[in-house]
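Encoded as structure tokens, the structure appears first; notes follow it.
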Amino acid sequence: MTGHAGGAAALAAWWLYTLNAMVLALGVSWGLYSLCDYGYSFWYPTLDIEEHIREYGPQNRYRRDFERLEAEQYQALFHEIREAVHNNGEGLENIHYPNRLEQPVPLLREAEILHLRDVAHLIRLGTVITLIATCLWWPLALWVRHQRRPAAGTRLIALAVPLLGLAGWLLVAGPEAVFYQFHIWLFPPEHEWFFYWQDSLMSTLMKAPVLFGGIALVLSAGVAILTPLIYFTGLRLAGRGSPASA
């Protein structure tokens with residue numbers, strides 16, 4: 044193998060292994076954070092979700108009395124949604140809250156149920172991708188082990204270019220615009236995914252998209268912490284040696 048070809052193969056191996064470690068870190072972070080309902084009990088007071096519900100609950104055009112519930116009931120409703128979307132969307136239509144007469148009222152409208160089933164599909168896809176990343180972790184580590192280590196500057200550029208591109212997009216367009224663009228890419232165009240707070244108790248309950256920003260921060264921190272751990276552990280198990288040689 045020529046020097047240029049060998050260098051390209053080494054860089055490709057390193058880049059793919061690093062990307063795989065990041066994907067695996069995101070999958071693990073997502074799975075662990077979901078176990079505590081994405082920190083909803085923390086974000087509820089932190090983001091003033093109760094005040095948000097008190098303001099927009101009475102304005103809802105389809106449901107009544109949602110603003111009369113207690114904090115524990117809102118957290119329980121979010122838990123039910125989380126359980127459903129992690130179970131292929133099963134049970135979404137059975138989520139109810141009591142009105143002032145203690146009669147059960149369906150929390151979600153049909154459009155919201157359809158959207159959350161799309162979310163459930165993405166979560167299933169994410170689970171599959173995480174499993175694939177887990178299976179590739181060891182083979183990619185072995186591949187990196189048998190390649191000459193790319194220069195530090197080359198590795199830095201290869202990693203920084205896509206990350207800086209994403210950061211630039213976020214700075215220019217803004218996080219909200221990026222969030223909506225991902226929705227356009229990920230969800231079927233014929234399915235509604237944008238819901239006004241006055242039309243959707245789901246969006247009101249989540250103070251969407253504000254809550255998702257908090258969740259994204261935690262997931263980003265999880266990726267930042269777990270990626271080096273996964274990266275160096277894989278190389279050690281593959282016999283690469285100390286982290287300093289990676």
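Heads up, the sequence shown is in the numbering used here, so the first residue is 44 and it goes up one at a time. Built from N, CA and C at the ideal position, the CB exists for glycine as well.
Between Q118 and Y87, the gap from beta carbon to beta carbon is short of 8 Å. Within 10 angstroms of the beta-carbon of Y140 lie 16 or more other beta-carbons, which makes it buried.
The criterion of a C-beta distance shorter than 8 Å is satisfied by A176 and G70. In chain order, V187, Q190, R192, P193, R198, A201 place their CB closer than 8 Å to the CB of W57, counting only its own chain and leaving out the 5 sequence neighbours on each side.
Relative to the Cα of K250, the nearest Cα in the group Y274, L112, L269, F121 belongs to F121. The DSSP-derived three-state label of Y140 is strand. With fewer than 16 other beta carbons inside 10 angstroms of its own, W228 counts as exposed.
The Cβ atoms of F238 and E136 do not sit closer than 8 Å to each other. Annotated three-state conformation of P149 is strand, per DSSP. For T89, the number of other beta carbons within 10 angstroms of its own is below 16, and it is reported as exposed.
With contacts defined by Cβ atoms closer than 8 Å, R104 and D242 form a contacting pair. Buried is the label assigned to F109, since at least 16 other Cβ atoms lie within 10 Å of its Cβ. A Cβ-Cβ distance of about 5 Å is found for the pair T247 and W240, placing them in contact under the 8 Å criterion.
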